[in-house]
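Chemist: Going line by line, the protein sequences match chains B and V.
Just so you know, we're using the working numbering here: the first sequence kicks off at 1155 and counts up by one.
Just so you know, we're using the working numbering here: the second sequence kicks off at 1155 and counts up by one.
Input: one structure, supplied below.
2 protein chains.
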Amino acid sequence: MLQEERFIEIVKLVENRKSVTVQELMEIFNASESTIRRDLNALHQMGKLIKVHGGAVADSGYLSLDMDVAEKSNINKEEKIAIAKYSASLIKNEDFVFMDAGTTTEFMIDFITAKQAVFVTNAISHGRKLARNGFTVFVTGGELKGITEAVVGEDTVRTLKRYNFTKGFFGTNGIHLERGYTTPDIREALVKSQAMKRCRECYVLADESKFNQVSPVTFGGFEDAIIITRNLKNNEYKKYKNVKEVN
Amino acid sequence: MLQEERFIEIVKLVENRKSVTVQELMEIFNASESTIRRDLNALHQMGKLIKVHGGAVADSGYLSLDMDVAEKSNINKEEKIAIAKYSASLIKNEDFVFMDAGTTTEFMIDFITAKQAVFVTNAISHGRKLARNGFTVFVTGGELKGITEAVVGEDTVRTLKRYNFTKGFFGTNGIHLERGYTTPDIREALVKSQAMKRCRECYVLADESKFNQVSPVTFGGFEDAIIITRNLKNNEYKKYKNVKEVN
DNA sequence: GAATGAAAATGATTGACTATGACTGAAAGT
DNA sequence: ACTTTCAGTCATAGTCAATCATTTTCATTC
């Protein structure tokens, strides 16, 4: 049997059954464990399925990738909380705030004391949390991405155009002097970019690991926001006046 | 069984039943206590559910804040599920569907077989559930009401004006020949009303208790939708051709 | 159209890693 | 006080990526 055929059959199987184990595939194709593993790696790389421990699940499933997010939220947790705490203190009662998706911005919510502030967010989980804490909160309309539970797309951008925020808090995957703020997803970048344009003051929340990183899509220039960070070892960035280091 | 599968199933169980015990999960999955505990810890960490002593509850804001809603979802549960099941069968692959907030419409989601259908909803919980089940789903923008987790307001209505649905599924608090379909909240009524206007076919899902009830605000006339119900004792309504009784 | 050699695909083996279930003493609920 | 539930530890079985040897594929050459 051709490798290509097997690829196609595996994808079909995963889509129909939602999940499949390496053992099952070995029997079905009379192939060795190595071969099946290689296939799954390749298909995972291509984005045709999501490889998990023991086998693979369909890409429509939301959990597997979310695990990375969960893991991620534990990395530099102390840093993020300190950053979030300071950021939350910037929000005053009269503010109209855009809150971006992301783990660091999520940490902010519990520290916000200005109960009269009004929020707009494109992150479902943030919206729920804000609403639960008694804030007035609007969510942007648009397509709900299963994996990150953020709202993206044309609709979202359109909705944002009608708002004028006093402050905006953003997450980022990379900070770079020339490339600015970057993120891996183009649709999320469009939303971030539009939101930044609508804010009087933009704040980018980032731990040390984000500096000098570049992701595929830029959503803002380095000068466009104040960076709130902590324990910055990279002296290169310390000198810029829009870099705020907190304790 | 893959760990991943178990994760997904547990989340579904928790969302459907609103709460679940460790013991129940052990029996359902034939897994040890340790495994179930580990799963619940992981899912709690991911924010997919709330771990409590003895098991877990849904992370839907429902339970903790508004016991009434939780109770409400258990009243006439059998009826509602039967109604939901039939309603779900009406959705075809080529449909562009509006799905209203409410417990009955929520039950529909697990029964929808047309995986190509596209959904718009103003209920956050519905959106998450649809996305998790692999559907393409858009949420309307607007103010997030903490308790019901529905999105309402001027923004929502504005967003809806740009859509043309093939089918819409609605909940209601009252059905009355002259007063039509009614709900207690004026802002929700505005959303429902606009959504109904944008649908080629409207379906109102209602158990027997809703007939001859009138709530403060009307969002549609009796003739504007097909009522899907069950065990209708009230003969007065049986004769209308837009009343569909299911088994 | 057979022989040749490079590239690709496969299968077996390894040690490292992950998931699981049983057990334990501590903590929580009654 | 008593029972249930909990988090942590351990041993075991299953799964993983990496490596290497073998086979297959295929274009090139004679």
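Heads up, the beta-carbon is just placed ideally off N, CA and C, and yes, glycines get one too.
Treat the numbers as computed from the prediction; the structure is a model and nothing was measured.
Quick one: list the residues of chain B neighbouring Ile-1278 of chain V, beta-carbon separation under 8 Å, in chain order.
Modeler: Simply Ile-1278, Gly-1281, Arg-1282 and Val-1293.
Chemist: Going along chain B, which residues have a C-beta under 8 Å from Phe-1342 of chain V?
Modeler: What sits at residue 1342 of chain V in the sequence shown is Glu, not Phe. Near Glu-1342 of chain V there are no residues of chain B at all, since even the closest Cβ is about 15 Å away, more than 8 Å.
Chemist: Taking C-alpha atoms, which residue in V:Lys-1321, V:Arg-1282, V:Arg-1286 and V:Cys-1353 lies nearest to Ala-1304 of chain V?
Modeler: The candidate whose alpha carbon is nearest that of Ala-1304 of chain V is V:Arg-1282.
Chemist: Could you check where the alpha helix (DSSP H) with Ala-1285 of chain V kicks off and where it finishes?
Modeler: Element bounds for Ala-1285 of chain V: 1278 to 1286.
Chemist: Pair every Cβ in the stretch 1262 to 1270 of chain B with every Cβ in the stretch 1267 to 1280 of chain V, then say whether three or more of these pairs are closer than 8 Å.
Modeler: With the cut-off at 8 Å, the stretch 1262 to 1270 of chain B and the stretch 1267 to 1280 of chain V do not touch.
Chemist: Please check if any C-beta of chain B sits within less than 8 Å of the C-beta of Gly-1334 of chain V.
Modeler: So no, Gly-1334 of chain V is outside the interface.
Chemist: When you compare each of V:Leu-1194, V:Glu-1187, V:Glu-1232 and V:Lys-1231 to Val-1168 of chain V by their alpha carbons, which one comes out closest?
Modeler: Ranking V:Leu-1194, V:Glu-1187, V:Glu-1232 and V:Lys-1231 by Cα distance to Val-1168 of chain V puts V:Leu-1194 first.
Chemist: According to a CB-to-CB cut-off of less than 7 Å, which residues of the stretch 1306 to 1335 of chain V neighbour chain B?
Modeler: Within the stretch 1306 to 1335 of chain V, the qualifying residues are Asp-1309 and Thr-1313.
Chemist: Starting from the beta carbon of Ala-1203 of chain V, find every residue of chain B whose beta carbon is closer than 7 Å, and list them in chain order.
Modeler: A quick correction: the sequence has Leu, not Ala, at residue 1203 of chain V. Neighbours of Leu-1203 of chain V on chain B: none; closest Cβ ~12 Å, over 7 Å.
Chemist: Got a sec, what are the start and stop residues for the alpha helix (DSSP H) Tyr-1240 of chain V sits in?
Modeler: Run containing Tyr-1240 of chain V: 1231 to 1243, per the alpha helix (DSSP H) assignment.
Chemist: From Thr-1259 of chain V to Ser-1347 of chain V, what does the alpha carbon distance come to, in whole angstroms?
Modeler: Between Thr-1259 of chain V and Ser-1347 of chain V, the C-alpha separation is close to 17 Å.
Chemist: What does the alpha-carbon distance come out to for the pair Glu-1297 of chain V and Asn-1184 of chain V?
Modeler: Approximately 43 Å between the Cα atoms of the pair.
Chemist: Which residues in the same chain have their Cβ closer than 7 Å to the Cβ of Thr-1337 of chain B, if we skip the five residues on either side of it in sequence?
Modeler: Counting only Cβ-Cβ distances below 7 Å, and skipping sequence neighbours, we find Thr-1326, Asn-1327, Ala-1343, Lys-1346, Ser-1369, Val-1371 and Phe-1373.
Chemist: Gly-1375 of chain B: buried (16+ other C-beta within 10 angstroms of its C-beta) or exposed?
Modeler: Classification for Gly-1375 of chain B: exposed.
Chemist: Please state whether DSSP places Ala-1210 of chain B in a helix, a strand or coil.
Modeler: If DSSP states are grouped into helix, strand and coil, Ala-1210 of chain B belongs with the strands.
Chemist: For a contact meaning CB atoms closer than 9 Å, what does Gln-1157 of chain V contact in chain B?
Modeler: Correct list: Val-1206, His-1207 and Gly-1208.
Chemist: For Glu-1242 of chain V versus Val-1400 of chain V, is the C-beta distance shorter than 8 Å?
Modeler: What sits at residue 1242 of chain V in the sequence shown is Ala, not Glu. No, the Cβ-Cβ distance between Ala-1242 of chain V and Val-1400 of chain V is not below 8 Å.
Chemist: Please decide whether Leu-1179 of chain B counts as near chain V, where near means a Cβ-Cβ distance under 8 Å.
Modeler: Judged by the 8 Å Cβ criterion, Leu-1179 of chain B is not in contact with chain V.
Chemist: Can you list, in chain order, the residues of its chain with a C-beta nearer than 6 Å to that of Gln-1367 of chain B? Leave out the 5 residues immediately preceding and following it.
Modeler: The answer, listed in chain order, is Gly-1328.
Chemist: Which class does Glu-1308 of chain B belong to by DSSP, given the choice of helix, strand or coil?
Modeler: Three-state result, Glu-1308 of chain B: helix.
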